[in-house]
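There are 4 protein chains.
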Amino acid sequence: MLHFDSDYLEGAHPAIIERLAATNFDQTPGYGVDAVCESARARIRFACQAPQAAVHFLVGGTQANAAVIDQLLRPWEGVVSADTGHINGHEAGAVEAHGRKILQIPHRNGKLDAADLRAYCAAWAEGESRDHVVAPGVAYISQPTEYGTLYSLDELEALRAACDEFGLRLFVDGARLGYALAAAGATMTLPDLARLADAFYIGGTKVGALFGEAVVFPDPQLADHFFTLMKKHGAVLAKGRMLGVQFDVLFEEDGADGCAGGTPQVPAERTRYLANGRHAIGLAQKLAAGFRAAGYELAMESPTNQQFVVMDDADVERLRQHATFEVWERRADGRLVVRFVTSWTTREEAVDELLALL
Amino acid sequence: MLHFDSDYLEGAHPAIIERLAATNFDQTPGYGVDAVCESARARIRFACQAPQAAVHFLVGGTQANAAVIDQLLRPWEGVVSADTGHINGHEAGAVEAHGRKILQIPHRNGKLDAADLRAYCAAWAEGESRDHVVAPGVAYISQPTEYGTLYSLDELEALRAACDEFGLRLFVDGARLGYALAAAGATMTLPDLARLADAFYIGGTKVGALFGEAVVFPDPQLADHFFTLMKKHGAVLAKGRMLGVQFDVLFEEDGADGCAGGTPQVPAERTRYLANGRHAIGLAQKLAAGFRAAGYELAMESPTNQQFVVMDDADVERLRQHATFEVWERRADGRLVVRFVTSWTTREEAVDELLALL
Amino acid sequence: MLHFDSDYLEGAHPAIIERLAATNFDQTPGYGVDAVCESARARIRFACQAPQAAVHFLVGGTQANAAVIDQLLRPWEGVVSADTGHINGHEAGAVEAHGRKILQIPHRNGKLDAADLRAYCAAWAEGESRDHVVAPGVAYISQPTEYGTLYSLDELEALRAACDEFGLRLFVDGARLGYALAAAGATMTLPDLARLADAFYIGGTKVGALFGEAVVFPDPQLADHFFTLMKKHGAVLAKGRMLGVQFDVLFEEDGADGCAGGTPQVPAERTRYLANGRHAIGLAQKLAAGFRAAGYELAMESPTNQQFVVMDDADVERLRQHATFEVWERRADGRLVVRFVTSWTTREEAVDELLALL
Amino acid sequence: MLHFDSDYLEGAHPAIIERLAATNFDQTPGYGVDAVCESARARIRFACQAPQAAVHFLVGGTQANAAVIDQLLRPWEGVVSADTGHINGHEAGAVEAHGRKILQIPHRNGKLDAADLRAYCAAWAEGESRDHVVAPGVAYISQPTEYGTLYSLDELEALRAACDEFGLRLFVDGARLGYALAAAGATMTLPDLARLADAFYIGGTKVGALFGEAVVFPDPQLADHFFTLMKKHGAVLAKGRMLGVQFDVLFEEDGADGCAGGTPQVPAERTRYLANGRHAIGLAQKLAAGFRAAGYELAMESPTNQQFVVMDDADVERLRQHATFEVWERRADGRLVVRFVTSWTTREEAVDELLALL
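Chains as they are written, first to last, in the working numbering: chain A, 8 to 365; chain B, 8 to 365; chain C, 8 to 365; chain D, 8 to 365.
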């Protein structure tokens with residue numbers, strides 16, 4: 008069976024497993040104040056070119072989203088999101104669980120459009136009843152989006168400008184950030200992101216870690232007391248070192264000995280994290296090209312590790328004998344949109360075998 | 008340096024690391040629906056003699072406490088706890104974050120006394136203004152307690168009876184449960200706990216896992232939709248298998264090959280989990296005896312892995328050159344109470360070296 | 008100046024003021040357990056033909072919405088609403104403040120369509136990730152809607168059927184219910200509403216009271232411990248009698264002596280509450296006819312006390328010299344939609360004067 | 008029957024009823040932005056000698072407490088209260104409903120002691136695990152307390168100093184403030200309170216209004232966006248004028264014509280509000296003297312409108328034939344403590360009749 012249904016099927020990059028094993032009996036204090044976490048933080052700050060950034064490690068994306076949004080909002084504010092935003096659909100109301108409203112704007116290719124955001128904020132600001140309405144306080148976007156699409160650097164700059172105009176903070180959900188940074192034609196770099204966002208996270212779970220998301224606040228003042236807020240959210244890992252180890256390994260130079268650690272200052276593009284991303288993107292592009300060559304239509308132009316292919320029911324049934332994937336939706340013309348996902352650990356042989364089935 | 012400051016300094020039992028490494032590239036679905044999690048659940052149900060139990064894996068204790076309490080309470084109810092309960096002090100308000108009130112009762116040796124609970128509930132039930140007051144809905148206890156003390160089987164039965172009399176559910180925080188089950192003179196077994204509690208958890212983080220708490224609802228109806236509530240709490244691990252692997256290994260027969268898995272049905276007392284507990288208890292007892300032999304007073308009689316020793320400031324200063332431990336409090340007589348903790352992985356040599364320093 | 012901007016500009020029906028004055032020094036217990044509240048409850052049950060109903064009095068609509076929704080939802084559920092629902096826009100996130108998510112469906116003429124609700128629930132129920140998604144648990148509608156439109160009896164029956172099919176409860180926000188019951192061509196009666204809804208409220212604030220909303224749960228089991236939940240929401244009035252007095256007067260026979268109280272059993276259509284509604288509707292219809300006669304287009308066909316008229320900016324400017332009203336929105340064709348509201352206390356002379364200005 | 012069970016049995020001061028009736032058909036905008044509310048705010052600012060203060064009107068004490076505490080706390084903080092504080096007992100968890108923890112300190116005569124507060128904050132600040140613990144952010148006290156006792160001006164100054172030392176804000180629940188200001192031997196004035204507290208409220212419900220609490224933030228910056236937060240709490244009254252009318256009348260010169268309004272600048276001690284307080288205090292003192300003269304012990308020395316008398320069961324049974332009052336508690340010696348409450352409207356004849364029964 009070939010597996011293309013998600014990017015969190017396997018464990019972790021072997022260098023992580025190796026380091027966990029090698030350091031298993033080290034004794035360190037808990038809650039992320041150990042030297043390994045500090046090393047990982049230093050590596051991330053360097054890769055982000057954000058030397059002052061506050062960096063916190065959380066276990067998963069839903070808790071990271073809820074905690075950061077809770078941190079950035081003032082009591083009378085809510086978070087603006089595309090209606091397709093992950094926080095609005097598949098997080099079981101975790102943002103609302105902490106008393107926060109999600110202000111929805113219809114998406115465009117899975118993205119929150121800067122002009123739409125500006126129009127929304129202007130309508131709120133001009134409304135006669137604005138004091139009765141949740142104020143837009145944070146703009147939430149995912150990079151790449153839930154649809155596999157990507158914000159260009161220009162689009163991010165436009166969102167930043169809209170946020171500045173209306174006093175919003177910008178938060179970027181980077182659950183799959185590695186696949187955005189390594190995407191075909193990507194224009195945004197990690198330092199760009201650190202320059203433009205008030206907070207973002209570097210997703211580990213889907214890009215080579217067992218688990219873990221590194222939340223970055225480029226301006227540490229915005230992270231005031233964030234550790235206690237994390238605890239209030241049940242989002243502090245007791246043996247915090249386990250998160251430090253993973254991000255330390257991911258932000259080493261690709262190819263470095265996982266136990267030695269190598270040079271502490273590695274630019275983003277040379278890290279194991281980006282290497283993981285590039286691996287997935289290369290195979291995703293090969294997959295897309297193969298589908299096209301076999302006469303299939305792609306539902307949207309995706310430069311990342313999720314590819315959406317249009318198929319008949321019969322195709323789906325036949326492929327299901329040999330591979331796992333997710334049926335995304337049925338189009339108006341009756342045909343199905345099917346999602347194939349590659350990851351940091353997808354084998355090229357698996358892609359070849361899948362394409363051979365077409 | 009000798010480390011006796013907590014039971015979560017190191018990584019995991021080597022069998023866990025071994026199994027994580029061996030299965031790293033297995034491909035399984037996320038969120039705990041995989042076969043490894045199912046195997047771990049079956050082992051836990053067997054060890055608890057609770058064949059119908061719902062078993063859910065969470066990453067940490069604070070999130071487990073908040074989610075289970077949220078699950079068990081009805082909207083007008085609160086959770087009764089000893090004032091020394093972990094939820095009331097060191098969880099940054101995580102229970103209240105979900106709109107729930109903690110109803111405090113003064114502790115007795117760190118414990119919630121059944122007679123006190125009964126009196127509290129009776130006072131509420133008879134109050135003229137009871138409809139203006141948060142109703143007691145869940146009783147929360149820790150076994151062992153935050154003070155290292157232990158509820159006897161009789162005490163648990165009495166709490167159960169008090170809960171039944173007033174319609175409360177009983178929830179047991181088992182962050183250190185392995186050390187309660189293996190304690191010197193323990194009268195409560197795991198099947199006892201499953202018979203008496205409406206929900207409890209088997210703490211992994213402090214008893215040999217990298218992280219993880221296995222929440223058990225002996226009556227699965229009480230766990231209705233608990234997965235979605237976990238998600239709402241940000242308490243679902245994407246690669247749920249990582250939790251399954253750890254509890255599967257911990258509930259194997261002690262000494263079994265961590266990768267083979269061994270017989271699926273292992274009574275609690277023969278599991279690796281209990282073996283971990285016994286290791287810590289043996290060394291804690293040795294430590295206590297050593298302190299006594301050296302003329303030290305023990306602040307309380309602890310049958311578990313936390314020992315509280317009375318010392319002068321000068322003793323503390325001197326020992327601090329060689330060992331880490333926590334100063335718990337200053338007594339009325341001016342002397343200090345100091346906590347020494349052993350764990351599943353404490354080396355006997357470290358205990359001997361510490362005692363040699365006295 | 009003529010005032011047509013809202014239906015809560017004045018105080019209360021004179022019979023209410025009269026009764027408050029006459030009973031001012033009566034001494035009764037607080038919190039709604041007095042005899043006057045009981046009398047008002049009995050009148051409401053009779054008018055609703057719901058002899059078992061639980062009736063609770065709250066001060067305002069936002070607190071009533073938040074408390075009832077909190078009461079009716081289970082922890083993993085959310086409330087479905089048209090995107091134009093009052094709870095979704097002008098209540099500052101009060102529903103989310105208690106940890107609840109609003110699940111939005113695009114409106115049709117301000118209404119939640121039963122087929123749309125059914126499709127939404129079906130999509131949720133069939134979703135592969137439904138356990139990660141907030142479940143639809145309550146359907147919220149306003150009768151009349153925020154747009155002045157009305158659900159017909161058939162439409163309500165269809166919503167009820169959709170709720171039954173998917174296990175939802177139906178909650179009707181009746182902030183302006185008097186104007187729905189008295190609307191031109193209304194097909195729904197108060198007993199119909201009590202038969203079809205799981206909870207609804209009879210709005211006093213906008214239909215002749217100083218303040219107050221009477222929440223009705225036709226099945227009292229759904230109101231279990233609702234008083235304590237109200238208190239938790241800060242929604243209990245200490246001198247509860249003040250609410251009882253107002254609803255007692257509103258549900259007397261129209262024309263009865265406000266201090267004597269009259270016969271205790273008055274059908275809905277003969278109450279002062281309905282008389283208040285009819286007064287406003289009559290003038291709203293006269294207003295609409297007058298605008299049409301003067302050549303104005305009405306933006307939508309409203310059978311209730313809110314009329315939406317299409318105007319040029321110049322018209323608006325000119326009218327503003329003489330009258331207050333709300334500019335609702337600018338249409339795509341550049342013209343403005345303007346709202347004129349009548350109430351239980353609008354004077355016919357004011358309507359005539361306004362029409363004379365056209 | 009003589010009623011001494013609470014101070015909210017009757018309606019409102021006749022001048023309030025008179026003004027409500029006289030202005031019933033006035034047309035004003037909603038939500039507290041009308042001229043009457045502005046007039047009431049100006050009167051309150053003058054009486055407080057706090058010309059910059061932000062003043063907001065809420066309907067009841069529970070919602071005022073929850074909203075102000077929510078406003079004053081930062082996300083990682085909680086509110087310190089005596090364990091006997093009203094928010095901790097009889098408000099059904101309204102503070103926790105918004106995610107806030109109450110940090111309890113044992114009371115001394117119903118009061119929060121400044122030294123205890125200082126010790127609590129110091130222990131928190133010095134704690135090794137302080138980042139895991141809810142930080143003290145607001146100190147909540149009631150003036151007078153739930154036990155009828157009073158903070159002296161010195162005690163308030165000491166609390167203020169403790170708050171300043173540890174960065175807390177001070178919030179005073181004044182549900183019965185009129186009875187504190189008029190108490191026998193009172194040393195605190197309304198301007199003192201406005202100088203010392205960061206927020207407080209002037210209780211109307213128990214001191215002559217139908218309902219209503221005027222929240223005062225002497226520094227208006229602390230009230231930033233408080234209106235929207237009130238709305239989020241369901242605590243905005245649509246016909247806000249009704250609150251304005253009541254406080255406008257209460258802060259007029261005592262004896263002024265309720266409809267004319269009189270001079271706009273009235274010092275606190277000359278207001279109708281203080282006159283209401285003095286009336287109740289005079290009768291409470293008479294009641295206390297009468298009980299003492301008849302040989303009864305008073306459980307505590309109360310200078311306010313609540314008197315606590317020690318009685319045998321037989322006394323209680325006999326008095327219950329003629330009067331209503333609340334049995335407060337049974338003392339260790341088996342005798343009962345019984346509460347008698349006077350109010351702004353208690354008749355001297357009723358006191359005389361009660362005393363004649365002894």
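We put the beta carbon where it would ideally sit given N, CA and C, even for glycine.
ask   = Of all the residues that make up the stretch 146 to 164 of chain D, which are near chain B by a beta-carbon distance shorter than 8 Å?
value = none
ask   = Span of the alpha helix (DSSP H) holding proline 271 of chain B?
value = As a working note, residue 271 of chain B is residue 264 in the second sequence. Counted as a single uninterrupted DSSP element, the stretch harbouring proline 271 of chain B is not any alpha helix (DSSP H), since DSSP gives it neither H nor E.
query = Does the distance from the CB of lysine 238 of chain A to the CB of leucine 217 of chain B come in under 8 Å?
reply = Stepping through the first sequence from its first residue, residue 238 of chain A is reached at position 231. Stepping through the second sequence from its first residue, residue 217 of chain B is reached at position 210. Against a cut-off of 8 Å, the Cβ pair of leucine 217 of chain B and lysine 238 of chain A comes out as no contact.
query = Listed from N- to C-terminal order along the chain, which residues in the stretch 210 to 241 of chain B have their beta-carbon within a distance smaller than 7 Å of any beta-carbon of chain A?
reply = Thr212, Leu217, Phe218, Thr235, Lys238, Lys239, His240, Gly241
key: Burial state of phenylalanine 178 of chain A (16 or more Cβ within 10 Å)   = Position 171 of the first sequence holds residue 178 of chain A. So phenylalanine 178 of chain A ends up on the buried side.
query = Whose CA, out of A/Leu119, A/Asp120, A/Ala142, lies closest to the CA of alanine 130 of chain A?
reply = As a first step, residue 130 of chain A is located in the first sequence; it is residue number 123 there, counting from the start. Of the listed residues, the one whose Cα sits closest to alanine 130 of chain A is A/Ala142.
query = Hey, quick one: how far does the beta strand (DSSP E) through serine 13 of chain C stretch, first residue to last?
reply = For the purposes of this step, residue 13 of chain C is identified with residue 6 of the third sequence, where counting begins at 1. Membership of serine 13 of chain C in any beta strand (DSSP E) is not indicated, and neither H nor E is assigned to it by DSSP.
inquiry  = Short of 9 Å Cβ to Cβ, which residues in the stretch 97 to 115 of chain D face chain B?
reply    = His97, Glu98, Ala99, Gly100, Val102, Glu103, Ala104, His105, Gly106, Arg107, Lys108, Ile109, Gln111
ask   = Nearest-angstrom Cα distance between proline 227 of chain A and valine 40 of chain D?
value = Residue mapping note: residue 227 of chain A aligns to position 220 of the first sequence, counting from 1. Residue mapping note: residue 40 of chain D aligns to position 33 of the fourth sequence, counting from 1. Taking the straight line from one Cα to the other gives about 39 Å.
key: Where arginine 279 of chain A falls, given that 16 or more other Cβ within 10 Å makes a residue buried   = Stepping through the first sequence from its first residue, residue 279 of chain A is reached at position 272. Buried.
message = Let's see if you can read the secondary structure: which residues bound the beta strand (DSSP E) around aspartate 180 of chain D?
response = By one-based count along the fourth sequence, residue 180 of chain D stands at place 173. Taken as a continuous stretch (DSSP letters only), the beta strand (DSSP E) holding aspartate 180 of chain D covers 176 to 180.
task = Identify every residue that forms a DSSP beta bridge with valine 358 of chain A.
result = For the purposes of this step, residue 358 of chain A is identified with residue 351 of the first sequence, where counting begins at 1. Paired residues: none, contrary to the question.
task = Check distances from the C-beta atoms of the stretch 121 to 141 of chain D to those of chain B and list, in chain order, the residues that come in under 9 Å.
result = Cβ contacts with chain B come from Glu135, Ser136, Asp138, His139, Val140, Val141.
task = Could you please give me the residues that DSSP links to phenylalanine 347 of chain C through a beta bridge?
result = In the third sequence, residue 347 of chain C corresponds to position 340, counting from 1. Per DSSP, C/Gln314.
ask   = Could you give the distance in angstroms between the alpha-carbon of arginine 167 of chain D and the alpha-carbon of alanine 204 of chain D?
value = For the purposes of this step, residue 167 of chain D is identified with residue 160 of the fourth sequence, where counting begins at 1. For the purposes of this step, residue 204 of chain D is identified with residue 197 of the fourth sequence, where counting begins at 1. Going by the C-alpha atoms only, they are around 7 Å apart.
task = Report yes or no: is there a C-beta of chain A within less than 8 Å of the C-beta of tryptophan 351 of chain D?
result = Translated into positions along the fourth sequence, residue 351 of chain D becomes position 344. False, the Cβ-Cβ gap to chain A never drops below 8 Å.
ask   = How would you write the range of the beta strand (DSSP E) that tyrosine 147 of chain A sits in, first residue to last?
value = For the purposes of this step, residue 147 of chain A is taken as the residue at position 140 of the first sequence. Looking at the DSSP string, the run of the beta strand (DSSP E) that includes tyrosine 147 of chain A is 142 to 149.
Under the three-state DSSP convention, the category valine 243 of chain A falls into = As a position in the first sequence, residue 243 of chain A is number 236, starting the count at 1. Note: valine 243 of chain A maps to coil in three-state DSSP.
ask   = Do the stretch 319 to 328 of chain C and the stretch 268 to 275 of chain C meet, that is, are 3 or more Cβ pairs less than 8 Å apart?
value = no
query = DSSP state of threonine 152 of chain B, grouped into three classes?
reply = Translated into positions along the second sequence, residue 152 of chain B becomes position 145. In the structure shown, threonine 152 of chain B sits in coil (DSSP, three-state: anything other than H, G, I, E or B).
query = Who are the near neighbours of tryptophan 83 of chain D in its chain, counting only those whose CB is closer than 6 Å to its CB and skipping five residues on each side?
reply = For the purposes of this step, residue 83 of chain D is identified with residue 76 of the fourth sequence, where counting begins at 1. Within the same chain, tryptophan 83 of chain D has close Cβ partners Ala142.
key: Limits of the unbroken alpha helix (DSSP H) element including tyrosine 186 of chain B   = As a working note, residue 186 of chain B is residue 179 in the second sequence. Taken as a continuous stretch (DSSP letters only), the alpha helix (DSSP H) holding tyrosine 186 of chain B covers 184 to 188.
query = So glycine 241 of chain A packs on alanine 242 of chain B, CB below 8 Å; how close in whole Å?
reply = By one-based count along the first sequence, residue 241 of chain A stands at place 234. By one-based count along the second sequence, residue 242 of chain B stands at place 235. Taking a contact as a CB-CB distance under 8 Å, the pair glycine 241 of chain A and alanine 242 of chain B counts as one, their CB atoms being some 6 Å apart.
ask   = CB-CB under 6 Å to threonine 366 of chain C, same chain, minus the five flanking residues each way: which ones, in chain order?
value = The structure shown does not extend to residue 366 of chain C, since chain C is modelled only from 8 through 365, so no value can be given for it.
query = Mapping DSSP to helix, strand and coil, what is glutamine 34 of chain B?
reply = On the second sequence, position 27 is the one that residue 34 of chain B refers to. Glutamine 34 of chain B falls in the coil class under three-state DSSP.
request  = Could you tell me whether the stretch 116 to 123 of chain C touches the stretch 248 to 258 of chain D, using the rule of 3 or more Cβ pairs below 8 Å?
outcome  = no
Closer than 8 Å to chain A by CB, tryptophan 335 of chain D = Numbered from its first residue, the fourth sequence carries residue 335 of chain D at position 328. Not closer than 8 Å to any Cβ of chain A, the Cβ of tryptophan 335 of chain D fails to qualify, so no.
ask   = Under a Cβ-count criterion, where at least 16 other Cβ atoms within 10 Å of its own Cβ denotes burial, should histidine 329 of chain C be classed as buried or exposed?
value = As a working note, residue 329 of chain C is residue 322 in the third sequence. Histidine 329 of chain C comes out exposed.
key: Where the alpha helix (DSSP H) through phenylalanine 173 of chain C begins and ends   = Your numbering for residue 173 of chain C matches position 166 in the third sequence. 160 to 173 is the span of the alpha helix (DSSP H), which, as asked, contains phenylalanine 173 of chain C.
task = Give me the Cα-Cα distance between tyrosine 186 of chain D and threonine 152 of chain D, rounded to the nearest whole angstrom.
result = Reading the fourth sequence from its first residue, position 179 is the one you call residue 186 of chain D. Reading the fourth sequence from its first residue, position 145 is the one you call residue 152 of chain D. Rounded to the nearest angstrom, the two C-alpha atoms are 11 Å apart.
task = Measure from the C-beta of glycine 341 of chain D to each C-beta in chain B and report whether the shortest distance is under 8 Å.
result = Position 334 of the fourth sequence, counted from the first residue, corresponds to residue 341 of chain D. No Cβ of chain B is located within less than 8 Å of the beta carbon of glycine 341 of chain D.
inquiry  = Between leucine 188 of chain C and glycine 85 of chain C, how many whole angstroms is the CB-CB distance? I'm expecting something under 8 Å.
reply    = In the third sequence, the residue the question calls residue 188 of chain C occupies position 181. In the third sequence, the residue the question calls residue 85 of chain C occupies position 78. That belief does not hold up - the Cβ atoms of leucine 188 of chain C and glycine 85 of chain C are roughly 29 Å apart, past 8 Å.
inquiry  = Here's a check: name, in chain order, each residue in its chain whose Cβ is nearer than 6 Å to the Cβ of isoleucine 209 of chain A, leaving out the five neighbours to either side.
reply    = As a first step, residue 209 of chain A must be located in the first sequence, where it is residue number 202. Excluding sequence neighbours, isoleucine 209 of chain A sits near Gly181, Leu184, Ala221.
ask   = Beta carbon of cysteine 128 of chain D, beta carbon of phenylalanine 173 of chain D: below 8 Å?
value = Taking the first residue of the fourth sequence as position 1, residue 128 of chain D is located at position 121. Taking the first residue of the fourth sequence as position 1, residue 173 of chain D is located at position 166. Result yes, Cβ atoms of cysteine 128 of chain D and phenylalanine 173 of chain D sit closer than 8 Å.
query = For cysteine 44 of chain D versus leucine 250 of chain D, is the C-beta distance shorter than 8 Å?
reply = For this step, residue 44 of chain D is matched to residue 37 along the fourth sequence. For this step, residue 250 of chain D is matched to residue 243 along the fourth sequence. Against a cut-off of 8 Å, the Cβ pair of leucine 250 of chain D and cysteine 44 of chain D comes out as a contact.
task = In the DSSP assignment, find the unbroken beta strand (DSSP E) run with leucine 110 of chain C in it and report its ends.
result = The sequence position of residue 110 of chain C within the third sequence is 103, counting from 1. Its beta strand (DSSP E) spans residues 109 to 112.
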